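The structure under discussion appears below in the form of structure tokens.
Chains as they are written, first to last, in our numbering: chain A, 11 to 196; chain B, 286 to 520.
What follows is the structure in structure tokens.
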């Protein structure tokens, strides 16, 4: 006998309690892996920035292991793989983390990716997507990317830049309209 | 998508008009990314966090009707979800949020923070003490008021379990007029968002009790590295 799920409702504008702890820097000094910065802007259907969104990420460690009892229990290096950020007045969010390793999938490994969830006033249910890394050869064989029609696939590829010696991946989230980000039915 | 869940575009809730995706969601297989999740790692709460009448840390308790809100968190197979974090937030008794974006003319309560968190116990049961929130005016339409509600955020065991929702109170005439509440397509599903008065939870001369049970999507047991069927029967 299965129970019906509790329906979602919008997060609304007053969720700052969720941001009471700093959760944008995922890597501690002991965390192995290549340091990267993820940043971007959340846009609405008018291409206006969304200044009241919450962005959450969930990612594997540098070896492609999630910190979870079903994969690798949380260890001493302080890495949980979870991040949470509110967009600022310009709709911007950011995270400082490590590049995730490839995670097993249905046919071999998936391309390295970060799982992304977006919550906001005006979203009655949160939106889920993934961020992939520009230039990664594994993207061509990824089981999730290959389910997405070609022109829209690019919306999930974060663009790399190396300004001031730091590796930055830019990933905008377009909620609606031209260039709308692909969102998943998980 | 689940037939009980609200659509993304619900024009009566005006903010959805510019924020709802227009393209269909793309189904994806259940991999290790979907069946793991941050829930087990995000669990730092202290006992004081679950009492919103006192967790502002001031000398006096918050003003308003003291309530106890309790319930059980289970997955869709009925298994209790133990030791999972629940975060809640709400307006004060006058309907005012402690947030710079709420400047409407209802008084702030210096003794009320409006945020709390707790962990479900080994049986999936949670318990908060708070005050009943007031109705809150918003600008969605003429003379619009949100019914009294408490926001809930839960992780559950997996990325797919994540839920943000709102709990409503029984007998509130504002629900019928509220587009956020009415975006939920069926009356049975809307009813599941309304807490039930629970006299067995009510503490004499202290607080009224309400019960609000929550059902989350479970993880799919073992993520498979062999070909994985997409999750069956999203109810």
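Don't be surprised by glycine CBs; every beta carbon is placed ideally from N, CA and C.
These numbers were taken from a predicted model, which means no experiment stands behind them.
### Task
Would you kindly report the start and end of the unbroken beta strand (DSSP E) that includes residue 106/A?
Counting along the chain, the beta strand (DSSP E) containing residue 106/A begins and ends at 102-108.
### Query
In whole angstroms, what is the alpha-carbon distance linking residue 189/A and residue 99/A?
22 Å
### Task
Select from 34/A, 89/A, 101/A and 117/A the residue whose C-alpha is nearest the C-alpha of residue 148/A.
117/A
### Message
Taking the beta strand (DSSP E) that residue 167/A belongs to, which residues open and close that run?
### Response
167-171
### Message
Could you tell me the alpha carbon to alpha carbon distance between residue 579/B and residue 335/B, rounded to whole angstroms?
### Response
An answer regarding residue 579/B cannot be provided, because it is not within the stretch 286 to 520 covered by chain B.
### Query
So what does DSSP say about residue 22/A, is it helix, strand or coil?
coil
### Inter-stretch contact at 8 Å, needing at least 3 Cβ pairs: the stretch 312-327 of chain B / the stretch 60-79 of chain A
Output reads yes: the stretch 60-79 of chain A touches the stretch 312-327 of chain B.
### Query
In the stretch 422-452 of chain B, which residues sit with their C-beta less than 7 Å from some C-beta in chain A, listed in chain order?
436, 438, 444, 445, 447, 448, 449, 450 and 451
### Query
Which runs of the beta strand (DSSP E), 3 residues or longer, sit entirely within the stretch 349-426 of chain B?
351-360, 370-375, 400-404, 410-416 and 421-423
### Task
Could you check if residue 69/A is buried or exposed, using at least 16 other CB atoms within 10 Å of its CB as the buried criterion?
buried
### Task
With 9 Å as the threshold, decide whether the Cβ of residue 333/B is near any Cβ in chain A.
no
### Query
Just checking my contact of residue 358/B with residue 478/B at CB under 8 Å: how many whole Å lie between their CB atoms?
Their Cβ separation, rounded to whole angstroms, is 15 Å, which puts residue 358/B and residue 478/B out of contact at 8 Å.
### Message
Please confirm whether residue 146/A has its beta-carbon closer than 9 Å to some beta-carbon of chain B.
### Response
no
### Task
Whole angstroms is fine: what's the gap from residue 377/B's alpha carbon to residue 420/B's?
9 Å
### Task
Say whether chain B places a C-beta atom closer than 9 Å to the C-beta of residue 103/A.
no
### Task
Mind listing the chain B neighbours of residue 76/A? Cutoff is C-beta to C-beta under 7 Å, in chain order.
317 and 321
### Message
With a threshold of 9 Å between beta carbons, is residue 504/B in contact with chain A?
### Response
With respect to chain A, the C-beta atom of residue 504/B has a partner C-beta closer than 9 Å.
### Query
So does the stretch 333-348 of chain B actually touch the stretch 393-409 of chain B, counting three or more Cβ pairs closer than 8 Å?
yes
### Query
Is the Cβ-Cβ distance between residue 88/A and residue 38/A less than 9 Å?
yes
### Message
Check whether chain A comes within 9 Å of residue 394/B, counting only Cβ atoms and requiring the distance to be less than that.
### Response
No, residue 394/B does not count as interfacial toward chain A.
### Query
Using a Cβ cut-off of 7 Å, which residues of the stretch 350-370 of chain B contact any Cβ in chain A, in chain order?
The residues in question are 359, 361, 362 and 363.
### Task
Could you tell me whether the Cβ atoms of residue 441/B and residue 448/B are closer together than 9 Å?
yes
### Query
Does the separation of the CB atoms of residue 499/B and residue 436/B fall below 9 Å?
No, these two residues do not count as a Cβ contact at 9 Å.
#### Entry: In DSSP terms, what residue 118/A is bridged to
115/A
### Query
Listing by chain order, which chain A residues have their CB less than 7 Å from the CB of residue 468/B?
Neighbours of residue 468/B on chain A, chain order: 134.
### Task
Just the chain C side, please: which residues come within less than 9 Å of residue 454/B by C-beta, in chain order?
Given the protein chain composition of this structure (A and B), no chain C is represented.
### Message
Using a 10 Å radius around the Cβ and a threshold of 16 neighbouring Cβ atoms, would you call residue 471/B buried or exposed?
### Response
exposed
### Message
As a quick exercise: from 329/B, 341/B, 365/B and 417/B, pick the residue whose alpha carbon is nearest that of residue 350/B.
### Response
417/B
### Message
Please confirm whether residue 342/B has its beta-carbon closer than 9 Å to some beta-carbon of chain A.
### Response
no
### Task
Go ahead and label residue 482/B buried or exposed: buried means 16 or more other beta carbons lie within 10 angstroms of its beta carbon, across all protein chains shown.
exposed
### Query
Under 9 Å, do residue 121/A and residue 71/A count as touching if we go by C-beta distance?
no
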